[in-house]
Structures are given as C-alpha cells and as structure tokens.
Amino acid sequence: METTLQEKIKEVMQQPNVSGVVCADMSGLCLGHKGDGSEKLAGPIAAMCEEANKLPTSQELPVIVVEAYGSNTEAKTLLIKQSDKVCTGIIKDV
Amino acid sequence: MGCCESCMGKNDEEPNERTSLLGPSGNAIPVNSADPISTPYDYDPTPVGSIAHSKLDEQSMFNGIITQYNNEIIDITSMDTKIDAVEYMNRVQLYNRKVASLTSGSRYKQKHLHSSGNNPTNVLKCPSVPMEDLILITEVADEIRKAMNDFKVEKQQELVLSLARR
C-alpha cells in the first residue's frame, strides 16, 4: 500500500536540483525518505510544522524554509510543508 | 400522698427533663458567670450537658495535647549555633564563588544564535525564496497527502479475542 507514496517520492527526486525528500506524519514517524533526506529528519520536520501552525496566518498552512550555508558543504535549502496530517520536506541545492 | 419537691424549694443540681439547655437568656452561660447574689452556695446555673461545658472540655483537651507535644518536640532552631553578621557574609561570598566556579564550565554555556552583526541590511537584501520552490513544495505536499489515502489497516482476523473459549 506504500507503492503510490514511493512512486511520488521518486518523481520528486527527478525534479531539477532536488537532492532529498522526507515524509513524516504529525507524530514524527518517517513515512518515506530518499536521497539526502534522512529518516532522522522526520521528527524535527513534524515538530517544526507543529510550531509553524501556531502562527497567526491565513487558513493555508505556512511553508517553512531552512537555508544552510556551510564552508565545507554546498548551500542547501530545506522546504517543509504540512498537508492535512502529513509533513513533506524537500532538500534542494541552491 | 406525695409532695412536690419543686414546691418544697429544694435545689436540684442534677438536670432533669425540665432543665433549660440554653439558660434563661437563650445563650450558653459560662461556668463562672453565675450571679453571686442569687447563688450564695456557688450554684452553677449552667447545666452539665450544655454547649459551654463541651467547649471547655475540648479546650482543656487541646491544651493538654499542645502541652504534651511541647514537651516532646525537639526544636533545632533554638540551638546555640548562632553566627554573627560578618561570618554570615563570609559564608555567602564563599558559596557564591563555589556556585560560580561550578557553573562557569562549557556545559552550562548556551549557544547563541548567529546575529546579523552591525549590518542588518545584508540580511534583509538577501533574495527571498523563489516562487517556483513554494509552488513545488505545495504541489508535492498535496500529492503525498493523496498518496497516503492508500494506507489502510486491512482486517484479516479478529483484533479482539476472548480469553476463555469453551
């Protein structure tokens, strides 16, 4: 039953500059991951979504962007968004 | 023929069915408030079973308990270990130094967030997140949410079993 989810993750990985994908539920359970998206990111992603939902914004859930610039690593961007009860994170090269 | 003891003027100190519980004024009369003129023989107008008697009994019982505990309790605050003000201040400084030395280690140091320094305009003029990235994450999140609808718990056997089967 996870076939559809895994296919979606593969499709996302084929997007330009995408180096990793991770999906988690609101409890922090990793539902799927690929590439640079480690399963250890599932918990922090879910926690960030829970905190971001407390912001007084419009009805749509906010998008969280985490930018990382390191001297030894390439610059990367982590995009996180919650949809219903699933949190999705995409790691992109800047 | 009998005689009426009340008509004989006999003072009956024991309560009977006609004894007033509250006293003539309607309130409980304390023991020592008897009128000395009307009671030359230390007559206590308060009946034995009145409320004032019970309160006094309770009070004496409490006093007895308090006295007993006062004799048994050892009060350590009143020992002869008083220190003067100079010694007190010295100890305060000593304890503060020890606490400062223990908490000055790296374990207690909190990491500070990176600051923009004295040039916040460099941070503010950084390019914002591209709109295409926002569209990408929004669409992907929606598609994955729909893919999650395939996750079901299939019932293959009874989930609740009875312990006793005969």
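Chains as they are written, first to last, in our numbering: chain A, -10 to 83; chain B, 14 to 179. Just so you know, even glycine gets a beta-carbon here, dropped at the ideal spot from N, CA and C. In this text, all values refer to a predicted model and were calculated from it rather than measured experimentally.
Report yes or no: is there a C-beta of chain A within less than 8 Å of the C-beta of D88(B)? Closer than 8 Å to the CB of D88(B) there is not a single CB belonging to chain A.
CA-CA distance, R158(B) and S72(A)? Distance between the alpha carbons of R158(B) and S72(A) is about 6 Å.
Alpha carbon to alpha carbon, how far is D14(A) from G78(A)? Answer to the nearest angstrom: the Cα atoms are 11 Å apart.
Residues in the stretch 149 to 176 of chain B with C-beta within 9 Å of chain A's C-beta atoms, listed in sequence order? Going along the stretch 149 to 176 of chain B in chain order, one finds L149, I150, T151, V153, A154, D155, E156, I157, R158, K159, A160, M161, N162, D163, F164, K165 and E167 with a Cβ nearer than 9 Å to chain A.
CB contact below 8 Å: V55(A) versus chain B: Taking CB atoms only, V55(A) has no neighbour in chain B less than 8 Å away.
Count the other C-beta atoms from every protein chain shown that fall within 10 angstroms of the C-beta of M102(B), then say buried if there are 16 or more, exposed otherwise. Its Cβ having fewer than 16 others within 10 Å, M102(B) is exposed.
Within 8 Å of any Cβ in chain B, is that where the Cβ of S84(A) sits? Residue 84(A) is absent from the structure shown; chain A starts at -10 and stops at 83.
Determine whether the Cβ of S27(A) lies closer than 8 Å to any Cβ atom of chain B. Closer than 8 Å: no.
K65(A) beta carbon less than 8 Å from that of D82(A): Yes, they are a contact pair.
Considering only DSSP beta bridges, list what G24(A) is partnered with. DSSP lists G9(A) as partners of G24(A).
According to the neighbour-count rule (16 or more other Cβ atoms, all chains shown, within 10 Å of its Cβ), is L67(A) buried or exposed? So L67(A) counts as buried.
Would you mind reading off the limits of the alpha helix (DSSP H) that contains V1(A)? Where V1(A) is concerned, the enclosing alpha helix (DSSP H) stretches over T(-8) to M2.
If we define contact as Cβ-Cβ less than 8 Å, is L147(B) a contact residue for chain A? With 8 Å as the cut-off, L147(B) counts as an interface residue toward chain A.
With DSSP run on the structure shown, which of helix, strand or coil describes K43(A)? Residue state for K43(A) is assigned as coil, using DSSP reduced to three classes.
V193(B) (DSSP reduced to helix, strand or coil): This structure cannot settle anything about residue 193(B), because the visible part of chain B is limited to 14 through 179.
Members of the stretch -5 to 23 of chain A near chain B, C-beta cut-off 9 Å: Those would be Q(-5), E(-4), K(-3), I(-2), E0, V1, Q4, V7, V10, C12, D14, L20 and G21, in chain order.
With a CB to CB cut of under 6 Å and the five nearest residues on each side skipped, what residues in its chain are close to I95(A)? A question about residue 95(A) goes unanswered here, because the residues of chain A that appear run from -10 up to 83.
How long is the line joining the alpha carbons of S114(B) and K(-1)(A), rounded to whole angstroms? Computed Cα separation, rounded: 55 Å.
What residues match up with V52(A) in a beta bridge as DSSP calls it? According to DSSP, V52(A) bridges with K70(A).
Going by the DSSP bridge assignment, what does K65(A) pair with across the sheet? In the DSSP output, where bridge partners are listed per residue, K65(A) has A57(A) and D82(A).
Report yes if the C-beta distance between L20(A) and L(-6)(A) is below 8 Å; otherwise report no. In terms of Cβ geometry, L20(A) and L(-6)(A) form a close pair [threshold 8 Å].
According to the Cβ coordinates, are I150(B) and V52(A) closer than 8 Å? Closer than 8 Å, so yes.
Do you know how far the Cα of P143(B) is from the Cα of L137(B)? The straight-line gap separating the alpha-carbon atoms of L137(B) and P143(B) is approximately 15 Å.
If you draw a straight line from the C-alpha of G24(A) to the C-alpha of K74(A), how long is it? Answer to the nearest angstrom: the Cα atoms are 23 Å apart.
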